[in-house]
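Worksheet: the structure to be examined is printed underneath.
Residue numbers (this note's numbering): 46 to 396.
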């Protein structure tokens with residue numbers, strides 16, 4: 046328990062110290078130097094600093110010029126860098142689109158590195174069996190989240206591109222997000238609902254253009270070689286959107302035209318809800334109790350820090366709280382992992 050308390054103290058002191066150093070303009074609080082810079086450690090006379098790497102900086106300028114001035118797409122820029130044989134920070138020549146995208150968004154390149162940009166929350170593990178149950182994972186349960194812009198702490202560093210070039214790139218990124226052709230304007234019937242039965246990855250809508258018209262497909266994400274380091278993990282073929290939508294819509298019409306089928310489905314769902322209601326109540330109760338226990342442990346550590354409780358009292362009460370927390374988390378995990386009663390998740394697999 047003392048180790049846990051000391052760890053909490055160390056983390057809090059480290060957090061306060063980093064914020065203080067960031068406000069003083071020290072780059073030592075940042076997680077290394079991004080591509081285009083070298084991190085120079087502090088000496089007895091000079092604090093730590095970023096130094097521009099000439100070769101990498103030329104690549105950064107090339108990325109910004111091709112995107113903001115020449116109008117190339119992020120994918121085209123990544124392909125160009127691969128064809129030019131330019132190495133990444135890890136000394137490989139395979140440039141991913143996500144790396145190019147991160148370069149275009151990093152304000153350090155215009156001379157303003159930022160601290161406190163993200164925060165870490167509880168992570169909900171997303172497994173393919175979990176996805177096939179039809180349930181969704183909301184964004185707030187993922188590991189990292191970007192903080193509001195007014196919470197960022199700016200640290201001056203040497204600039205590689207001008208403010209105007211960075212602003213042009215940022216404007217185009219925003220426009221692409223708003224007007225990209227792949228952006229869904231009218232959702233399809235089963236968009237966001239279907240998963241590949243073969244590998245469990247979600248199906249996304251994509252399109253191709255013939256000489257006469259644009260054709261939409263549902264494509265398994267596991268079949269995209271560029272998404273996985275070892276290549277595609279699934280060989281399922283795409284399915285035409287109009288064909289699958291027609292099958293689903295015909296089934297919907299069939300249900301609408303036969304009231305007995307609708308009533309049977311309502312009865313089934315009501316029975317499933319009645320059966321699941323006690324489990325849902327138990328899940329809600331466990332989540333509330335875990336929140337309460339977490340706050341109790343925080344208050345206990347704070348009380349010990351302020352000499353309001355003795356070491357003996359801390360040793361007596363903390364193991365009991367920790368044991369209850371572990372037991373409840375195990376029970377909650379078992380409930381969450383249990384497939385919903387009567388689940389009819391829509392799946393598709395290669396015939």
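Glycine is no exception: its CB is placed at the ideal position from the N, C-alpha and C atoms.
Same chain, Cβ closer than 6 Å to residue i, five either side skipped, listed in chain order
i	result
residue 134	80
residue 379	none
residue 253	260
residue 184	Because the pLDDT at residue 184 is just 46, under 50, the model does not fix this residue reliably, and the value given afterwards should be weighed accordingly. Closer than 6 Å at the Cβ level, and outside the excluded window around residue 184, lies no residue.
residue 382	none
Any non-hydrogen atom of the ligand PLP within 8 Å of residue i CB
i	result
residue 317	What this structure holds is no ligand at all, so the ligand PLP is not there to describe.
Coil, strand or helix - residue i by DSSP
i	result
residue 143	helix
residue 79	coil
residue 190	strand
residue 261	strand
residue 248	strand
residue 64	helix
residue 164	strand
residue 133	coil
residue 25	As displayed, the chain neither begins before 46 nor continues past 396, which places residue 25 out of reach and without an answer.
residue 234	coil
residue 116	coil
residue 383	coil
residue 151	coil
residue 336	helix
residue 299	helix
residue 138	coil
residue 107	helix
residue 351	coil
residue 316	helix
residue 208	helix
residue 102	helix
residue 69	coil
Beta-carbon proximity list for residue i, same chain, < 8 Å, skipping 5 on both sides
i	result
residue 276	270
residue 332	377
residue 23	The chain is shown only over 46 to 396; residue 23 falls outside these bounds and no answer can be derived.
residue 235	263, 289, 290, 293, 391
residue 93	71, 72, 73, 84, 85, 86, 87
residue 66	73, 74
residue 306	299, 300
residue 120	142
residue 63	74, 160
residue 89	none
Nearest-angstrom beta carbon gap, residue j and residue i [assumed within contact, 8 Å]
i	j	result
residue 82	residue 71	Not confirmed; about 15 Å, so no contact.
residue 196	residue 161	6 Å
residue 370	residue 335	6 Å
residue 280	residue 268	7 Å
Contact set for residue i: own chain, Cβ-Cβ below 7 Å, skip 5 residues either direction
i	result
residue 156	201, 202, 203, 204
residue 144	133
residue 181	Any reading at residue 181 must be qualified, since the residue scores a pLDDT of 49, below 50, and its modelled position is unreliable; the value itself is stated next. Contacts found: none.
residue 191	162, 163
residue 304	none
residue 153	79, 202
residue 255	none
residue 297	none
Residues that DSSP places opposite residue i in a beta bridge
i	result
residue 201	157
residue 95	84
residue 285	262
residue 279	The partner list for residue 279 (beta bridge, DSSP) is empty, contrary to what the question assumes.
residue 59	Answer is none; residue 59 lacks a bridge partner.
Q) Are the region 100-117 and the region 210-222 in contact at 8 Å, needing three or more beta carbon pairs? A) yes
Q.
Quick test of the definition: if touching needs 3 or more C-beta pairs under 8 Å, does the region 262-276 touch the region 239-253?
A. yes
Q: Flag this pair as touching only if the region 309-325 and the region 355-371 have three or more C-beta atom pairs under 8 Å; answer yes or no.
A: no
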